[in-house]
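**Student:**
There are 2 protein chains.
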Amino acid sequence: MARVYNFAAGPAMLPEEVLRQAAAEMLDYNGSGMSVMEMSHRSKEFGEIIATAEQDIRDLLSIPENYQVLFLQGGATLQFAGIPMNLMRNKVADYIVSGSWSKKAYKEAQLYGDAHLLASSEDGNFSYVPDVDAIEISPDADYVYICQNETIYGTRYNKLPDTKGKPLVADVSSCFLSEPMNIEDYGVMYGGVQKNIGPAGVTIVIVRDDLIYEDPLPFTPTLMRYSAQVKGKSMHNTPPAYGIYICGLVFKWLKAQGGLEAMKKRNEEKAAILYDFLDQSKLFKGTARKEDRSIMNVPFVTGSDDLDALFVAEAKSHNIVSIKGHRSVGGMRASIYNAMPKEGVEALVAYMAEFEKDHS
Amino acid sequence: MARVYNFAAGPAMLPEEVLRQAAAEMLDYNGSGMSVMEMSHRSKEFGEIIATAEQDIRDLLSIPENYQVLFLQGGATLQFAGIPMNLMRNKVADYIVSGSWSKKAYKEAQLYGDAHLLASSEDGNFSYVPDVDAIEISPDADYVYICQNETIYGTRYNKLPDTKGKPLVADVSSCFLSEPMNIEDYGVMYGGVQKNIGPAGVTIVIVRDDLIYEDPLPFTPTLMRYSAQVKGKSMHNTPPAYGIYICGLVFKWLKAQGGLEAMKKRNEEKAAILYDFLDQSKLFKGTARKEDRSIMNVPFVTGSDDLDALFVAEAKSHNIVSIKGHRSVGGMRASIYNAMPKEGVEALVAYMAEFEKDHS
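Here the protein sequences line up with chains A and B, keeping their order. Convert by adding 1 to the 1-based position in the first sequence; the result is the number in my numbering. Convert by adding 1 to the 1-based position in the second sequence; the result is the number in my numbering.
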C-alpha cells in the first residue's frame with residue numbers, strides 16, 4: 002500500500018525522509034555496527050546525538066542561554082504534576098482553561114496547592130480562547146498556566162496573556178516548532194513530541210534557570226525534579242534514546258526546510274486552503290471561533306451525524322485516514338502538523354468538495 | 002562496518018531479526034501506509050499491537066489472571082518513587098540493598114515513609130547478595146523490596162527472600178525474561194526494558210490485583226497511579242508506542258526461540274563459557290561471589306588498571322564493544338543478555354585467552 006495522508010492528532014505523520022533515514026540506519030548507525038536502540042546512553046555516539054539534538058532545537062527556536070532544554074519521559078500528562086511539584090513555591094498558581102488539556106492540568110495541580118481558575122471557555126464547549134486582556138493575576142501566583150494550542154477543539158492563543166510579570170507556563174504539544182516563538186515570553190514551555198516532532202515517549206521541557214529549584218515540593222520523585230535532570234543533562238537515568246534520535250532527525254529536516262519562519266509560512270498556507278474551503282462551504286463548517294483558529298488542528302462538522310459518519314467511512318478510499326473528530330466535538334478533525342504535505346490538505350479539500358457535491 | 006558484539010549493560014543488543022523487521026516496516030506497517038511511530042494510539046492497528054504484546058508476555062511468563070501488565074514510562078528510576086507512592090499504606094517498607102540500584106530505590110523510598118534497611122552487602126562492595134534466610138520482616142511492612150539482578154556488580158538472588166507473607170517487590174530490569182520466573186512469588190515485578198527486551202523508554206510493571214489501590218499517597222501523579230493505568234490499559238495518556246511495538250517483536254522472537262526455558266538454557270551455557278574461562282585464568286578474575294553470580298552481567302578484572310585499560314582499548318579491533326566496567330567496580334563487564342549470541346561470548350573468551358597469553 003502507498004503511504005497515506007494521516008490526519009491523526011498525535012501520534013501523527015513524520016517526514017518520509019526521516020523515516021527512510023531511520024530505516025537505513027536501523028542495523029548500523031554511522032558505522033558503529035549497532036542500532037541507536039542498542040547503544041549505551043553513555044557512549045560517545047549517543048552523547049553526540051543528544052548534544053546535536055539540543056543544539057539544533059536551540060538554533061530553531063533561538064533559545065537563550067539562560068534556558069535549559071530537557072528531553073524527558075511521561076508526556077504532557079506527567080508534567081501536569083511536574084509543573085506544580087517544581088514551581089509551586091507559594092502553593093498558588095493561576096490556570097486559564099481553554100480545552101480538555103488545560104482542564105486536566107488545572108485539575109492535577111489541585112493535588113499540590115491552590116490552583117485558581119482564572120478563566121474558562123467551557124461554557125462555549127471550548128470553541129474559543131478566553132479573553133485574557135483584563136485578566137487579574139493572583140498576587141502570590143507562582144505561575145500562570147495555559148495550553149497554547151488545544152488539539153481537540155482546534156483553538157490557539159494568537160496573543161499571550163499578560164501575566165503581570167509572573168512566569169508563563171505553556172503546554173505547546175500541538176504547536177511545538179510549527180512557527181517561531183519568543184522563548185523569553187515563557188518561564189516554562191513544554192510539550193510531548195508525538196504531534197510535530199517525533200515518536201511518543203519524549204517530552205521536551207524548556208525552563209528558565211531561575212525556575213530550577215534544588216528544593217521542589219518534598220515528595221517530588223527525583224526523576225521529575227528539573228534540578229536533577231539539568232544536572233544529569235537529561236540523563237539522570239536512561240533517557241528515551243531512540244525517540245531523541247528521531248527528534249534530532251526531525252530538527253535537521255526542519256532546518257533543511259528553512260527553519261521555523263519557513264514552516265510558519267507553509268503551515269499558514271496549508272491551514273488557509275482548508276479554512277477558505279470551510280468558509281465558503283454550504284455543507285461543512287468549522288467549530289472554532291474564527292479569530293482563535295488553530296493552524297494545526299481543524300475540527301469541522303456537516304451538522305448531520307449521519308453525513309459525518311459517511312464522510313469518515315469513505316475517506317480511506319481517498320487515501321485519507323484518522324480524520325474522525327474527537328468524541329467531545331464530534332464530526333471531523335484534520336491535524337495538519339509540520340509533516341503533513343500541502344498535497345495532503347489539497348487531497349482532503351478535493352474530497353470534501355466532491356462529498357459536498359454528492360450530498361447537497 | 003559489520004555488526005559488533007555489544008556487551009553494553011543497557012541499552013543493549015537486540016535480536017538482528019527484530020531490527021530487520023522494524024526497518025522493513027518503518028514506512029508502512031502491515032499495509033497501513035504508515036509507520037508505527039505515526040499511528041494513533043487509539044487506532045485499531047495499535048490496539049492490536051499492544052494487546053498482542055501483553056498476551057505474548059503473559060504467555061512467556063505464565064502470568065496469572067490476577068496480575069495486571071502495564072507498559073509505562075520513566076524507567077526503574079520513576080518506579081523507585083512509584084512503588085512507595087502506590088503501596089505504602091502503613092508508610093513502612095523493608096529494603097534489601099545488594100547494589101547501586103536497590104540502594105537508590107531505598108533512598109528514594111525515604112521521601113515517602115519509613116524505609117527500613119533490612120540488610121546490605123555494601124561492606125563487601127556489593128560483591129554478594131545479603132543472607133536472607135534468617136531475615137526478620139517488619140510486622141507492618143507494606144512490602145519487601147529487592148533488585149533481583151544487580152547490573153553493576155553482577156550478582157543475583159538464587160533464592161528469593163522469605164517475606165513472611167508480605168508482598169515481594171522486585172526490580173528485574175537486568176534479568177527480565179532471561180529465564181522462567183514464578184510470578185506468584187511476587188506482589189510487583191517490574192523493570193526497564195532496555196537490557197533484555199527493547200529500546201529505552203518502556204517500563205513493564207506486573208502487579209497483583211490486591212495491590213492496586215484507588216487511593217495511593219495523595220500527591221501521587223495520576224500518570225503514576227497503577228489504578229489509573231490499569232483503567233486506561235496502559236493508555237491513560239499516549240504510551241511509548243514505538244517502544245512497545247519493538248518489545249512485541251522481541252516477545253515473538255523469544256517464543257520462536259522456544260520460550261524462557263530455552264532462553265535459560267542458552268543463557269546458562271553462555272555464562273558458563275565465560276565463568277569457566279575466568280575460573281581457570283591466571284590473569285582475569287570475576288569480582289562477584291561465586292554462589293551469587295549473575296548469568297546476565299559478568300564483571301571481571303586483571304588486577305592491573307593498566308592491563309584493564311589496554312584490554313578495553315584493544316577490544317574494538319576484535320569486534321567487541323562496550324566491555325568497560327562500571328566506574329564503581331572498575332575493570333571489565335560483559336553483559337550477555339538474551340540477544341547476545343553464543344558466538345559473541347566465544348569471541349570474547351578467545352580475545353581474553355589471546356590477551357592473557359600476550360601479557361603473562
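Idealized CB from N, CA, C, for every residue including glycine.
Please give me, in chain order, every unbroken run of the alpha helix (DSSP H) with length at least 4 that falls completely inside the stretch 82 to 166 of chain B.
**Tutor:** Fully enclosed alpha helix (DSSP H) runs of 4 or longer: 101 to 110.
**Student:** Under 9 Å, do Ala-94 of chain A and Gly-114 of chain A count as touching if we go by C-beta distance?
**Tutor:** For this step, residue 94 of chain A is matched to residue 93 along the first sequence. For this step, residue 114 of chain A is matched to residue 113 along the first sequence. Taking 9 Å as the Cβ cut-off, Ala-94 of chain A and Gly-114 of chain A qualify as a contacting pair.
**Student:** Quick one: list the residues of chain B neighbouring Asp-216 of chain A, beta-carbon separation under 9 Å, in chain order.
**Tutor:** The count along the first sequence starts at 1 and reaches residue 216 of chain A at position 215. What Asp-216 of chain A touches in chain B: nothing, since even the nearest Cβ is about 12 Å away.
**Student:** Work out the CA separation of Gly-287 of chain B and Asp-280 of chain B for me, nearest whole Å.
**Tutor:** Reading the second sequence from its first residue, position 279 is the one you call residue 280 of chain B. Reading the second sequence from its first residue, position 286 is the one you call residue 287 of chain B. Cα to Cα, the separation comes out at about 8 Å.
**Student:** So what does Ala-171 of chain A bridge to, in DSSP terms?
**Tutor:** Here residue 171 of chain A corresponds to residue number 170 of the first sequence, with the count starting at 1. DSSP output for Ala-171 of chain A lists A:Ile-147, A:Met-190 as bridge partner(s).
**Student:** Can you say whether Arg-294 of chain B is buried or exposed, counting buried as having 16 or more other CB atoms within 10 angstroms of its CB?
**Tutor:** Taking the second sequence and counting its residues from 1, the one referred to as residue 294 of chain B is at position 293. So Arg-294 of chain B counts as buried.
**Student:** Which residues mark the beginning and the end of the beta strand (DSSP E) in which Met-264 of chain B is found?
**Tutor:** Residue 264 of chain B sits at position 263 when you count from the first residue of the second sequence. Run containing Met-264 of chain B: none in the beta strand (DSSP E); it sits in the alpha helix (DSSP H), 260 to 281.
**Student:** Applying a beta-carbon distance threshold of less than 8 Å, which residues of chain B neighbour Gln-362 of chain A?
**Tutor:** Examination of residue 362 of chain A is not possible in this model, given that chain A is present from 2 through 361 alone.
**Student:** Taking the beta carbon of Gln-111 of chain B as the centre, do at least 16 other beta carbons fall within 10 Å, making it buried, or is it exposed?
**Tutor:** The sequence position of residue 111 of chain B within the second sequence is 110, counting from 1. By the neighbour-count rule (16 or more Cβ atoms within 10 Å), Gln-111 of chain B is not buried but exposed.
**Student:** Name the chain A residues that come within less than 9 Å of Gly-379 of chain B, Cβ to Cβ?
**Tutor:** This structure cannot speak to residue 379 of chain B, because chain B is shown only from 2 to 361.
**Student:** Run through chain B and tell me which residues come within less than 9 Å of Thr-152 of chain A, C-beta to C-beta.
**Tutor:** If you number the first sequence from 1, residue 152 of chain A lands on position 151. Neighbours of Thr-152 of chain A on chain B: none; closest Cβ ~11 Å, over 9 Å.
**Student:** Are the Cβ atoms of Tyr-72 of chain B and Ser-235 of chain B separated by less than 9 Å?
**Tutor:** Counting from 1 along the second sequence, the entry for residue 72 of chain B is found at position 71. Counting from 1 along the second sequence, the entry for residue 235 of chain B is found at position 234. Here the sequence assigns Phe to residue 72 of chain B, which means Tyr is not the residue at that position. Result yes, Cβ atoms of Phe-72 of chain B and Ser-235 of chain B sit closer than 9 Å.
**Student:** Quick check on DSSP: helix, strand or coil for Phe-47 of chain B?
**Tutor:** Position 46 of the second sequence, counting from 1, holds the residue named residue 47 of chain B. DSSP places Phe-47 of chain B in helix when its eight states are reduced to three.
**Student:** Quick check on Phe-278 of chain A - is its C-beta less than 9 Å from some C-beta in chain B?
**Tutor:** Residue 278 of chain A sits at position 277 when you count from the first residue of the first sequence. Cβ-Cβ to chain B under 9 Å: no for Phe-278 of chain A.
**Student:** Since Gln-69 of chain B is in the beta strand (DSSP E), which residue starts that stretch and which ends it?
**Tutor:** Against the second sequence, residue 69 of chain B aligns to sequence position 68. It spans 68 to 73 - the beta strand (DSSP E) in which Gln-69 of chain B sits, taken as one unbroken run.
**Student:** Taking Cβ-Cβ distances shorter than 9 Å, what residues in chain A pair up with Tyr-243 of chain B?
**Tutor:** The residue labelled residue 243 of chain B in the question sits at position 242 within the second sequence. Pro-12, Pro-200, Ala-201, Gly-202, Tyr-243, Gly-244, Ile-247, listed in chain order.
**Student:** Going by C-alpha to C-alpha distance, which of A:Pro-162, A:Leu-88, A:Leu-349 sits closest to Asp-210 of chain A?
**Tutor:** Counting from one through the first sequence, the residue named residue 210 of chain A turns up at place 209. Among A:Pro-162, A:Leu-88, A:Leu-349, the Cα nearest to that of Asp-210 of chain A is on A:Leu-88.
**Student:** Pick from B:Tyr-129, B:Ser-44, B:Phe-278: whose alpha carbon is nearest that of Glu-347 of chain B?
**Tutor:** By 1-based counting over the second sequence, the position of residue 347 of chain B is 346. Comparing Cα positions, the closest option is B:Phe-278.
**Student:** Could you tell me whether the Cβ atoms of Thr-223 of chain A and His-237 of chain A are closer together than 9 Å?
**Tutor:** Position 222 of the first sequence holds residue 223 of chain A. Position 236 of the first sequence holds residue 237 of chain A. Their beta carbons are under 9 Å apart, which means Thr-223 of chain A touches His-237 of chain A by this criterion.
**Student:** May I have the straight-line CA-CA distance separating Val-299 of chain B from Pro-65 of chain A, to the nearest angstrom?
**Tutor:** By one-based count along the second sequence, residue 299 of chain B stands at place 298. By one-based count along the first sequence, residue 65 of chain A stands at place 64. For Val-299 of chain B and Pro-65 of chain A, the distance between alpha carbons rounds to 45 Å.
**Student:** So with CB distances below 7 Å, who are the chain B contacts of Gln-74 of chain A?
**Tutor:** Stepping through the first sequence from its first residue, residue 74 of chain A is reached at position 73. Neighbours of Gln-74 of chain A on chain B, chain order: Gln-74, Gly-75, Gly-202.
**Student:** List the whole-angstrom C-beta distance separating Ser-1 of chain B from Glu-151 of chain B, where the pair is believed to meet the contact cut-off of C-beta under 8 Å.
**Tutor:** This structure cannot speak to residue 1 of chain B, because chain B is shown only from 2 to 361.
**Student:** For Tyr-227 of chain B, which of helix, strand or coil comes out of DSSP?
**Tutor:** By one-based count along the second sequence, residue 227 of chain B stands at place 226. Tyr-227 of chain B falls in the helix class under three-state DSSP.
**Student:** With a Cβ-Cβ cutoff of 9 Å, do Pro-12 of chain A and Thr-239 of chain B count as a contact?
**Tutor:** Looking up residue 12 of chain A in the first sequence gives position 11. Looking up residue 239 of chain B in the second sequence gives position 238. It is a contact, given that the beta carbons lie within the stated cut-off.
**Student:** So the beta strand (DSSP E) Ala-335 of chain B belongs to, where does it begin and stop?
**Tutor:** Walking along the second sequence from the start, residue 335 of chain B turns up at place 334. Segment 333 to 336, the beta strand (DSSP E) holding Ala-335 of chain B.
**Student:** If the cut is a Cβ gap below 9 Å, which residues of chain B does Arg-21 of chain A touch?
**Tutor:** Position 20 of the first sequence, counted from the start, is the residue given in the question as residue 21 of chain A. Near Arg-21 of chain A (Cβ distances below 9 Å), the residues of chain B are Met-27, Leu-28.
**Student:** Would Val-208 of chain A and Tyr-68 of chain A qualify as a contact pair, given that the criterion is a beta-carbon distance under 9 Å?
**Tutor:** Position 207 of the first sequence, counted from the start, is the residue given in the question as residue 208 of chain A. Position 67 of the first sequence, counted from the start, is the residue given in the question as residue 68 of chain A. Against a cut-off of 9 Å, the Cβ pair of Tyr-68 of chain A and Val-208 of chain A comes out as a contact.
**Student:** Let me make sure I understand the geometry here. Which of B:Tyr-187, B:Phe-252, B:Ala-23 has the alpha-carbon closest to that of Thr-53 of chain B?
**Tutor:** Here residue 53 of chain B corresponds to residue number 52 of the second sequence, with the count starting at 1. Answer by Cα proximity: B:Phe-252.
**Student:** For chain B, check one thing: does any of its Cβ atoms lie closer than 9 Å to the Cβ of Ala-314 of chain A?
**Tutor:** Position 313 of the first sequence holds residue 314 of chain A. Cβ-Cβ to chain B under 9 Å: no for Ala-314 of chain A.
**Student:** Distance check for Val-350 of chain B and Ser-41 of chain B, CA to CA, integer angstroms please.
**Tutor:** For the purposes of this step, residue 41 of chain B is taken as residue 40 along the second sequence, with counting starting at 1. For the purposes of this step, residue 350 of chain B is taken as residue 349 along the second sequence, with counting starting at 1. Computed Cα separation, rounded: 46 Å.
**Student:** For Ala-82 of chain A and chain B, any beta-carbon pair shorter than 9 Å?
**Tutor:** Taking the first residue of the first sequence as 1, we reach residue 82 of chain A at position 81. So, interface residue.
**Student:** Cβ of Arg-334 of chain B less than 9 Å from any chain A Cβ?
**Tutor:** Residue mapping note: residue 334 of chain B aligns to position 333 of the second sequence, counting from 1. No, Arg-334 of chain B does not count as interfacial toward chain A.
**Student:** Leaving out the 5 sequence neighbours to the left and right, which residues in its chain are closer than 8 Å to Ala-9 of chain A when beta-carbon positions are compared?
**Tutor:** On the first sequence, position 8 is the one that residue 9 of chain A refers to. Closer than 8 Å at Cβ, skipping near neighbours: Val-322, Ser-323, Ser-336.
**Student:** Ignore the nearest five residues each way along the sequence and tell me which others in Lys-92 of chain B's own chain have a CB closer than 8 Å to its CB.
**Tutor:** Position 91 of the second sequence, counted from the first residue, corresponds to residue 92 of chain B. Result list for Lys-92 of chain B: Tyr-113, Gly-114, Asp-115, Asp-143, in chain order.
**Student:** Alpha carbon to alpha carbon, how far is Ile-153 of chain A from Asn-320 of chain A? Give it in angstroms, no decimals.
**Tutor:** Within the first sequence, residue 320 of chain A is the residue found at index 319, counting from 1. Within the first sequence, residue 153 of chain A is the residue found at index 152, counting from 1. Approximately 23 Å, taken between the alpha carbons.
**Student:** Can you confirm whether the stretch 254 to 274 of chain A touches the stretch 253 to 260 of chain B when touching is taken to mean that 3 or more C-beta pairs between the two stretches lie within less than 8 Å?
**Tutor:** The stretch 253 to 260 of chain B vs the stretch 254 to 274 of chain A: no contact.
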